[in-house]
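Taking it in order: structure first as structure tokens, then the write-up.
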Amino acid sequence: MRRALWTVVLASALTLAGCGSASGPGSSSGGGADSLVVWDWKSGDDAAAAYVEAAKADFAEKHPDITVEFVAQPFDQYYTLLGAAIQAGKGPDVMLFNGGGQLRDRVDALVPLDSHVAEDRDRLVGWDAFSKDGRTYAAPVTLQGHPIYYNRKLYERAGLDPDSPPATWSDFVGGCATIMAKTGTKCLALGNKEGIGIQFFLSGLGSGALTGQEYDDWIAGKRDWTSPDVQRIFELWTETDGAGLNNDAANSTAMFNDSFALFSSGKAAHVIGLMSDVGHWKDFGEFLDPGDIGVMRAPVITPGATPSLPYDGGIGYAVARWTADPALAADLVRSLTARDALAVFHADAGAIAADTTIDVSKAGPAVTEIVAGIETGKPALHVALSSQTLDLMGRLSQQLLSGSVTVDEALRQLAASDREG
Amino acid sequence: MFRRTTAERLAPYALVAPAVLIIVVLRLYPLVLGVNFSFTGDGERDGTAVGLDNYAVLFGDPLFLGALRNVGLLVLLLPVAVAIPGLLATFIYLRVPGHRFFRGAYFFPAVLSPVIVGAVFNLLLAFDGPVNAVLGTVGLGPVDWLGDPDVAIYAVVGVHVWATFGMALVVFLAGFATLDSSLLDAARIDGASLPRVIWHVIVPGLSRTIQFVVVTTMIGMLTSMFGLLYVMTGGGPGGTTYLPEYYIWIQQGQMNRPALASAASTVLFLVMVVVGLLQISVLRRSGRAD
Numbered sequence: 001m002r003r004a005l006w007t008v009v010l011a012s013a014l015t016l017a018g019c020g021s022a023s024g025p026g027s028s029s030g031g032g033a034d035s036l037v038v039w040d041w042k043s044g045d046d047a048a049a050a051y052v053e054a055a056k057a058d059f060a061e062k063h064p065d066i067t068v069e070f071v072a073q074p075f076d077q078y079y080t081l082l083g084a085a086i087q088a089g090k091g092p093d094v095m096l097f098n099g100g101g102q103l104r105d106r107v108d109a110l111v112p113l114d115s116h117v118a119e120d121r122d123r124l125v126g127w128d129a130f131s132k133d134g135r136t137y138a139a140p141v142t143l144q145g146h147p148i149y150y151n152r153k154l155y156e157r158a159g160l161d162p163d164s165p166p167a168t169w170s171d172f173v174g175g176c177a178t179i180m181a182k183t184g185t186k187c188l189a190l191g192n193k194e195g196i197g198i199q200f201f202l203s204g205l206g207s208g209a210l211t212g213q214e215y216d217d218w219i220a221g222k223r224d225w226t227s228p229d230v231q232r233i234f235e236l237w238t239e240t241d242g243a244g245l246n247n248d249a250a251n252s253t254a255m256f257n258d259s260f261a262l263f264s265s266g267k268a269a270h271v272i273g274l275m276s277d278v279g280h281w282k283d284f285g286e287f288l289d290p291g292d293i294g295v296m297r298a299p300v301i302t303p304g305a306t307p308s309l310p311y312d313g314g315i316g317y318a319v320a321r322w323t324a325d326p327a328l329a330a331d332l333v334r335s336l337t338a339r340d341a342l343a344v345f346h347a348d349a350g351a352i353a354a355d356t357t358i359d360v361s362k363a364g365p366a367v368t369e370i371v372a373g374i375e376t377g378k379p380a381l382h383v384a385l386s387s388q389t390l391d392l393m394g395r396l397s398q399q400l401l402s403g404s405v406t407v408d409e410a411l412r413q414l415a416a417s418d419r420e421g
Numbered sequence: 422m423f424r425r426t427t428a429e430r431l432a433p434y435a436l437v438a439p440a441v442l443i444i445v446v447l448r449l450y451p452l453v454l455g456v457n458f459s460f461t462g463d464g465e466r467d468g469t470a471v472g473l474d475n476y477a478v479l480f481g482d483p484l485f486l487g488a489l490r491n492v493g494l495l496v497l498l499l500p501v502a503v504a505i506p507g508l509l510a511t512f513i514y515l516r517v518p519g520h521r522f523f524r525g526a527y528f529f530p531a532v533l534s535p536v537i538v539g540a541v542f543n544l545l546l547a548f549d550g551p552v553n554a555v556l557g558t559v560g561l562g563p564v565d566w567l568g569d570p571d572v573a574i575y576a577v578v579g580v581h582v583w584a585t586f587g588m589a590l591v592v593f594l595a596g597f598a599t600l601d602s603s604l605l606d607a608a609r610i611d612g613a614s615l616p617r618v619i620w621h622v623i624v625p626g627l628s629r630t631i632q633f634v635v636v637t638t639m640i641g642m643l644t645s646m647f648g649l650l651y652v653m654t655g656g657g658p659g660g661t662t663y664l665p666e667y668y669i670w671i672q673q674g675q676m677n678r679p680a681l682a683s684a685a686s687t688v689l690f691l692v693m694v695v696v697g698l699l700q701i702s703v704l705r706r707s708g709r710a711d
């Protein structure tokens, strides 16, 4: 009897514990006249604590009588919860968004911020990801993009000059052969288990393959999948794997975080990573000496192409349409993107902040190189594609690696999906 | 007198009403809603009737057809998935040395969540993992268990069987408890070999239990491999390990096409009904033959 009782207690406790995480701290919604509620998925992290404090302090200087409450939601349910709030027409006053589709799908629920953030317009970059039809709906906090990282130490061991990474594709392949022969490491760390390795490959190398015109057309929605330059990128995808430049079994290697671990542990000389959050200079710097992490532009694949850093606005804060005083909420957004707050976010959370005037010299040469590329950078190629096309591209990229589809057939299917979506 | 018979006549209905209501309100009504929803559109056509468009999309989508083919593969692999716990339960029933230990050991994976099982086997089956290392010592080349499109589905099904056969084993052991042991003794006295005992005494005696295990194992394969697929392959490589439920989740959660997902759910439901009825009728016939 006693045993049965314990079983029941234990089982109910486990069930309740399971429920707790799902119900979450969603209770507080909508600030009153003297308070503002912010929804995000960051403020619960220790790494973001100092940033939140800095932003709060900045806001308190301007509005000492207003209290600000941060509600951290679990990221995997964030947009579901936000969708429910939007349906109900009440919820947080200010909310965090990923740039691009997540925001553009929901602009009906947001206040255009153009008049409120005019002063920040030149100081911050990455606005495009938070704009739709010429109006701005959120102010950027971080930038997200796909630099090509390389291990300077492996370059040295292979007898290559780490200060002048390969500028053309043939130099890159030649350098790879030298690195692989002299150091016994792989050239490229590639994880394509989730099917997103191809997204990084396309965006990371795209600016070296497409001409300036083709690149701009692609972003503008006029994508020519039959162009030889587009075809070349997908051919290189299979060729690099066939030539053994990638780690073994890319299709069963998870990008998060097995392929990044290969680079961090010095088992691969290059990786196409991210700029902010994860899989980036700060993560790599925990294992490698930050001074050994280099960042290079895409090698020139098509003569005449001008390689650039592919990046977009990462995350940014928006103001809900139902907030009592939009100007007040917009002021909070300005505090959340203030220079000092962003400087703290950059240093603590390991992000490339949207404010490029922040001093990043302490973070190592990789960050300096990334920030130097922001001015001439362009939006990443894969971000322009619909989620349907990205899903298909992921599957086709795995089939390309396993040889069960040809490049022509893959491009034909992608073109069809792109036309639909 | 009259009133009493009315009350008596109504009593059974009143007593089953709660159960029937729960089934109707919480099961059948949502099912009808879901089927109804599958005839509406997604995105810009949200809420409008589109007839059979979603079903046309489904049966024109190679990914969904691949998922259905994988269901066929699971049906073919079903005898293996049932035979393994059946055989092991037989050994335990026949009291092989250490049967008490094995009884616990076999059941142990059944209490692990699929996510944990998947994560453990991700490590074991990694290209540079221990399984390939063992194969390497006996001179067999490394196998890309989760990255080779011809191998991955078998690897995931194998792990699923490993993770869930404990439950079927317990059901078999319960079935053995009802087996008439004098039949076994008689067979032994007659000098029957073990395979003959299994085939002529144990299998017929357990036909009801086998029937139950076949149906529950099939349902388990079709509806609860999601966690493993999610953790181990994500439907890859190249969509070769998709199952309908994974397809439903991707369309609903990732592609924001809930109506299409409803159509896929309806198809999965029909597949399960047909497969279940077929199995029961086949097993009934074989049960009668004995």
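For the protein sequence lines, the chains are W and F, in the order given. Following this note's numbering, the numbering of the first sequence begins with 1 at its first residue and continues without gaps. Following this note's numbering, the numbering of the second sequence begins with 422 at its first residue and continues without gaps. Glycine included, each C-beta is placed from N, C-alpha and C at the ideal position.
For residue 319 of chain W: DSSP bridge partner residues: Answer by DSSP bridge pairing, in chain order: W/94.
Cβ pair residue 50 of chain W, residue 359 of chain W closer than 7 angstroms: No, the pair does not count as a contact, with Cβ atoms beyond the cut-off.
Separation of residue 312 of chain W from residue 374 of chain W, as counted between CA atoms: Computed Cα separation, rounded: 10 angstroms.
Nearest-angstrom Cβ-Cβ length linking residue 411 of chain F and residue 680 of chain F, presumed shorter than 8 angstroms: The structure shown has nothing for residue 411 of chain F, since chain F only spans 422 to 711.
Distance, residue 414 of chain W Cα to residue 407 of chain W Cα: Roughly 10 angstroms separates the two Cα atoms.
Where residue 43 of chain W sits in the DSSP three-state scheme: Three-state result, residue 43 of chain W: coil.
DSSP state of residue 99 of chain W mapped onto helix, strand, coil: If DSSP states are grouped into helix, strand and coil, residue 99 of chain W belongs with coil.
Residue-level contact to chain B via CB, residue 235 of chain W, 7 angstroms cutoff: Chain labels in this structure do not include chain B; the protein chains are W and F.
Proximal residues of chain F, C-beta to C-beta of residue 399 of chain W below 7 angstroms: Identification of chain F residues near residue 399 of chain W by a Cβ-Cβ cut-off of 7 angstroms yields 659, ordered along the chain.
Top-ranked residue by Cα proximity to residue 627 of chain F, from F/685, F/514 and F/612: Taking only the C-alpha atoms, the option nearest residue 627 of chain F is F/514.
Residue 676 of chain F, DSSP secondary structure in three states: Residue 676 of chain F: coil per DSSP, three-state reduction.
Nearest residue (CA-CA) to residue 232 of chain W, options W/209, W/91 and W/127: Measuring from the Cα of residue 232 of chain W, the nearest candidate turns out to be W/209.
is_contact[residue 482 of chain F, chain W] using C-beta, thresh 7 angstroms: So no, residue 482 of chain F is outside the interface.
Chain F residues whose Cβ lies nearer than 8 angstroms to that of residue 391 of chain W: For the C-beta of residue 391 of chain W, the chain F residues within less than 8 angstroms are, from N- to C-terminus, 671, 675 and 676.
Any non-hydrogen atom of the ligand ZN within 6 angstroms of residue 635 of chain F CB: Of ligands this structure carries none, so the ligand ZN is not represented either.
C-beta atoms of residue 658 of chain F and residue 570 of chain F nearer than 7 angstroms: The answer is yes: Cβ separation under 7 angstroms.
Integer Cβ distance of residue 378 of chain W from residue 207 of chain W, believed to fall under 8 angstroms: Contact flag correct, Cβ pair sits at about 7 angstroms.
Euclidean distance between Cα positions of residue 518 of chain F and residue 649 of chain F: So the alpha carbons of these two residues sit roughly 33 angstroms apart.
Within the stretch 113 to 178 of chain W, ranges of the alpha helix (DSSP H) (whole runs, at least 4 residues): Within the stretch 113 to 178 of chain W, the complete alpha helix (DSSP H) runs of at least 4 residues are 152 to 157.
Residue 417 of chain W burial status per 10 Å Cβ neighbour count (16 or more: buried): Flag for residue 417 of chain W reads buried.
Meets three-Cβ-pair contact criterion under 8 angstroms: the stretch 77 to 90 of chain W and the stretch 291 to 303 of chain W: Contact between the stretch 77 to 90 of chain W and the stretch 291 to 303 of chain W is absent: fewer than three C-beta pairs spanning the two stretches fall below 8 angstroms.
Among W/272, W/138, W/115 and W/117, nearest to residue 196 of chain W - alpha-carbon criterion: In terms of Cα proximity to residue 196 of chain W, the closest of W/272, W/138, W/115 and W/117 is W/272.
Minimum length 4: unbroken alpha helix (DSSP H) runs contained in the stretch 603 to 653 of chain F: As for any alpha helix (DSSP H) of minimum length 4 sitting wholly inside the stretch 603 to 653 of chain F, the runs are 615 to 618, 628 to 644 and 647 to 653, ordered along the chain.
is_contact[residue 395 of chain W, chain F] using C-beta, thresh 7 angstroms: Yes, because at least one Cβ of chain F sits closer than 7 angstroms to the Cβ of residue 395 of chain W.
Cβ of residue 403 of chain W within 7 angstroms of any chain F Cβ: No, because no Cβ of chain F sits closer than 7 angstroms to the Cβ of residue 403 of chain W.
Beta-carbon gap between residue 150 of chain W and residue 294 of chain W smaller than 7 angstroms: Yes. Within cutoff.
Pick from W/259, W/68 and W/116 that is closest to residue 334 of chain W, judged by C-alpha positions: Checked all of W/259, W/68 and W/116; the closest Cα to residue 334 of chain W is W/116.
Which listed residue (W/171, W/109, W/345 and W/391) has its alpha carbon closest to that of residue 194 of chain W: Of the candidates W/171, W/109, W/345 and W/391, W/391 places its Cα closest to the Cα of residue 194 of chain W.
Within chain F, the residues that residue 426 of chain W reaches when beta carbons sit closer than 8 angstroms: Residue 426 of chain W falls outside the range modelled here, since chain W spans only 1 to 421, and no answer is possible.
Closest Cα partner of residue 608 of chain F within the set F/425, F/621 and F/551: Looking at the Cα atoms, F/621 is the closest of the given residues.
DSSP bridge partner residues for residue 378 of chain W (one or two, in chain order): For residue 378 of chain W, which the question treats as bridged, DSSP gives the partners W/310.
Between the CA atoms of residue 668 of chain F and residue 409 of chain W - distance to the nearest angstrom: Answer to the nearest angstrom: the Cα atoms are 23 angstroms apart.
Contact list for the stretch 241 to 258 of chain W against chain F, Cβ threshold 9 angstroms: Shown in chain order are the members of the stretch 241 to 258 of chain W whose Cβ falls below 9 angstroms from a Cβ of chain F: 247, 248, 249, 250, 251, 252, 253, 254 and 258.
Proximal residues to residue 47 of chain W (C-beta, below 7 angstroms), its chain only, five neighbours per side dropped: Around residue 47 of chain W: 348 and 349.
Interface flag, residue 194 of chain W vs chain F, CB-CB below 7 angstroms: At least one chain F Cβ lies under 7 angstroms of residue 194 of chain W.
Three-state secondary structure assigned by DSSP to residue 477 of chain F: Looking at residue 477 of chain F - three-state DSSP - the assignment turns out to be helix.
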